[in-house]
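Student:
Residue numbers (our numbering): 77 to 333.
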């Protein structure tokens with residue numbers, strides 16, 4: 077009989093874990109919620125529009141998953157903290173809520189700057205802080221996934237504010253990972269290229285914009301939300317147990333040169 081002991085691949089299942097997804101009503105957030113539920117997690121979908129997340133949660137449940145909806149504005153840290161304090165601890169956070177208001181650098185308004193940085197950085201910071209505090213109080217490990225962008229690694233025309241916000245998320249991810257590692261809470265980011273979502277759809281209505289994007293994506297196609305779902309599940313669970321402070325770029329080769 078052989079004495080070789082083969083190692084076993086860690087499971088990608090998330091049964092028994094609770095996940096919170098912000099900006100979960102559509103696009104990448106909805107895909108993240110679906111991916112985590114399909115892997116066995118109970119998912120709470122958070123967004124401002126109750127009808128969207130309630131409908132999405134109902135579909136997840138109808139397909140055999142476990143989900144509920146939490147309608148609130150992540151831009152209000154106090155209300156958000158109180159809402160999370162009233163619920164069981166979340167083992168997984170997908171910090172996805174975000175926005176963009178493209179404009180040339182010289183045309184950026186104070187209002188647009190504050191709106192993008194406020195949602196993409198300030199709100200993301202305090203949602204993660206609230207989830208992490210609960211995990212630490214409970215003495216439980218966890219996984220926080222910050223939804224960043226390829227624009228957290230490069231620059232882009234008409235995207236000075238968005239790039240600033242995503243470069244901030246990249247730095248935040250690394251610093252959070254250092255602070256939270258002693259508590260067994262992992263923090264990583266996912267950096268997609270342009271993904272076809274309700275938020276990006278208006279941009280792609282311009283043939284010039286679409287062609288410019290496709291010229292930079294080496295694999296020759298715009299991303300789909302399904303391109304991100306596997307990585308979300310991986311980072312959430314035990315198969316990525318030694319990953320923290322990492323940035324996973326899913327960009328079809330955009331940043332390869």
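Using N, Cα and C, we set each Cβ at its ideal position, and we do this for glycine too.
Indicate the three-state DSSP secondary structure (helix, strand or coil) for residue 264 in the structure shown.
Tutor: Strand.
Student: For residue 118, write down the residues that DSSP places opposite it in a beta bridge.
Tutor: For residue 118, which the question treats as bridged, DSSP gives the partners 94, 142.
Student: Hey, how far is the Cα of residue 287 from the Cα of residue 103?
Tutor: Answer to the nearest angstrom: the Cα atoms are 22 Å apart.
Student: Thinking C-alpha only, which one of 264, 175, 169 is nearest residue 316?
Tutor: It is 264 whose Cα lies nearest to the Cα of residue 316.
Student: Are the beta-carbon atoms belonging to residue 81 and residue 119 less than 8 Å from one another?
Tutor: No; because the gap between Cβ atoms is not below 8 Å, this pair is not in contact.
Student: Output needed for residue 111: all residues of its chain with C-beta closer than 7 Å, excluding positions within five of it in sequence on either side, in chain order.
Tutor: Answer for residue 111: 305, 308, 309, listed in chain order.
Student: Who are the near neighbours of residue 241 in its chain, counting only those whose CB is closer than 6 Å to its CB and skipping five residues on each side?
Tutor: So the list reads 192, 193, 196, 197, once near-sequence residues are dropped.
Student: In whole angstroms, what separates the C-alpha of residue 153 from that of residue 330?
Tutor: Rounded to the nearest angstrom, the two C-alpha atoms are 35 Å apart.
Student: Identify whether residue 247 lies in helix, strand or coil by the three-state DSSP scheme.
Tutor: Correct three-state label for residue 247: helix.
Student: Give the secondary structure of residue 269 by DSSP, where H, G and I count as helix, E and B as strand, and everything else as coil.
Tutor: Coil at residue 269, not helix or strand.
Student: Could you tell me if residue 136 is buried or exposed, where buried requires 16 or more neighbouring beta carbons within 10 angstroms of its beta carbon?
Tutor: Classification of residue 136: buried, given that the 10 Å Cβ count is 16 or more.
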